[in-house]
Amino acid sequence: MSHPVLLTRRLPAPVLQRLRDSVDLELNPHDRPLHREELLAGIRGKKGLLCLLTDRIDAEVMDAAPELKVISNYAVGYNNIDLRAARERQIWVTNTPGVLTEATAELAMGLLLAVARRLGEGDQLVRSGQWRGWEPLQLLGKEIHGSTLGIVGMGRIGKALARRAAAFGMNIQYWNRTRLPGDIEVEKTWRYRSLPMLLASSDVLSLHLAYSAETHHLINAEALRIMPAGSILINTARGALIDEAALVEALQRGHLGGAGLDVYEDEPRVHPGLRDFPNVLLLPHLGSATQQTREAMGHLAVENLLAGINGVEPTHIV
Ligand code: DGY
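Taking this note's numbering, the leading residue of the sequence shown gets 119, the next gets one more, and so forth.
Shown next, in the form of structure tokens:
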């Protein structure tokens, strides 16, 4: 039986080979996301779609492929897919949880350290040729040992960050929709806080929750006002969890000590105001960008896809 599949972007070589060996593959030939018309043309006649967070998969795309059985997203987040439209059309939607936990937590930890200890500014200073040598008052940062990390969203990635930050001597507190069992909180010394309390009492706040209509602009002007003066905001989850205009305003007022951002409201566009601040580190959505993780994501996405096109319920349905 033929298994026509559209892959919207080139993936790591072993993953691509596996796909070529198992399905009739149409691959985006360009080194860029497919344009809308290309996506609509490419999906025609396909049973499976392996897509990225940069592809908007809505009812129109699904209707262009009446045979479509599965949409396998090469990401843990899936806010790029209209889930209701997929449900109505009985199309499985899958994601890649678990395999990118450690890589994303590593990046969050890296941003946290880099912003607190002003690594970006230090690098700029040395590169500019303006560095005059060691100075007692040069680029003094915030010591993270002994300071408090507030984690918003204590799922896999939140917990992986908590373990890392604890090893650096940080106190860990969190807010999650569902509170963790008491024995875990005690064993790990992770303290549960209401969201307003977490905002008000964290030296560093890091976001690790899914984006949805309910979490849109969770960190808005009001939330930013509650955060302590000089505190640091880290986001490796989804850009629209933060109201970027409000963040720029909070930075302009000098209220925040800095921010480390890997994701943005309207990628690849970055709010121009964010570029103005030396205490803001901006990364190009690198959370899962390690060789091992991107390969593991690919294999998981392929497994989800193959199950779906063969009529078997995939393991990672969202
Ligand atoms: C995801 O998987 O949702 C990340 O943002 C990219 O790997």
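For every residue, glycine included, the Cβ atom is placed at its ideal position computed from N, Cα and C.
Regarding residue i and ligand 1, is the C-beta to nearest heavy atom distance less than 8 Å?
i	result
Val381	yes
Gly216	no
Arg207	no
Gly247	no
Val194	yes
Arg127	no
Thr333	no
Leu171	yes
Thr222	yes
Gly259	no
Gly405	yes
Arg274	no
Met415	yes
Arg236	no
Arg174	no
Arg371	no
Arg162	no
Arg356	yes
Does the beta-carbon distance from residue i to residue j come in below 9 Å?
i	j	result
Val381	Arg412	no
Ser120	Asp139	no
Ala489	His403	The shown model of the chain, from 119 to 436, leaves out residue 489, and the question about it has no answer.
Glu332	Ala358	no
Ser324	Ile302	no
Leu167	Ile189	yes
Glu178	Lys164	no
Arg274	Leu257	no
Ile360	Leu379	yes
Pro132	His434	no
Gly426	Lys187	yes
Met272	Trp249	no
Arg162	Glu224	no
Residue i and residue j look like a contact to me (Cβ under 8 Å); what is the Cβ gap, rounded to whole Å?
i	j	result
Thr219	Leu170	Incorrect: roughly 19 Å between the Cβ atoms, too far for contact.
His335	Val270	Contact flag wrong, Cβ pair sits at about 13 Å.
Arg128	Leu145	7 Å
Tyr329	Asn197	5 Å
Glu229	Ile262	The question names Glu, but residue 229 in the sequence shown is Leu. Contact doesn't hold; Cβ gap of about 12 Å is too wide.
Met180	Arg150	Rounded, the Cβ-Cβ distance is 23 Å, inconsistent with contact.
Asn137	Val430	Checking the displayed sequence, the identity of residue 137 turns out to be Leu instead of Asn. Actually they do not touch by this definition, with Cβ atoms about 17 Å apart.
What's the gap between the Cα of residue i and the Cα of residue j?
i	j	result
Phe395	Glu305	39 Å
Leu317	Met345	5 Å
Leu298	Thr307	12 Å
Asp173	Pro386	13 Å
Ala234	Val322	9 Å
Gly264	Ala285	11 Å
Gly160	Pro432	23 Å
Ala341	Ser319	12 Å
Gly238	Val436	37 Å
Arg295	Val123	37 Å
Gly195	Asp241	32 Å
Glu253	Gly300	47 Å
Pro210	Gly251	One point to set straight first is that residue 210 is Trp, not Pro, in the sequence displayed. Near 59 Å, if we compare the C-alpha coordinates of Gly251 and Trp210.
Asn111	Thr214	The structure shown does not extend to residue 111, since the chain is modelled only from 119 to 436, so the question has no answer here.
Leu313	Arg154	39 Å
Gly247	Ala226	29 Å
Leu424	Gln410	21 Å
Ala339	Asn428	48 Å
Whose CA, out of the options, lies closest to the CA of residue i?
i	options	result
Ala377	Asp384, Leu369 and Met180	Leu369
Gly216	Asp176, Val188 and Gly276	Gly276
Val398	Gly426, Val179, Gly405 and Gly348	Gly348
Gln291	Thr266, Leu374, Arg297 and Ile302	Thr266
Arg343	Glu367, Ala328 and Arg295	Glu367
Thr222	Leu124, Pro432, Ala280 and Ile360	Ala280
Met288	Gly268, Gly273 and Met272	Gly268
Met415	Thr212, Trp249 and Leu365	Thr212
Gly372	Leu392, Thr354 and Lys187	Leu392
Tyr192	Pro130, Ala204 and Asn294	Pro130
Arg205	Met315, Ala283 and Ile175	Ile175
Ala182	Leu225, Leu423 and Glu156	Glu156
Ser406	Ser312, Thr354, Gly375 and Arg154	Thr354
Leu400	Leu134, Asp200, Ala232 and Leu255	Ala232
Taking only beta-carbon positions, decide if residue i is within less than 9 Å of chain D.
i	result
Thr411	Among the chains of the structure shown, chain D does not appear; only one protein chain is present.
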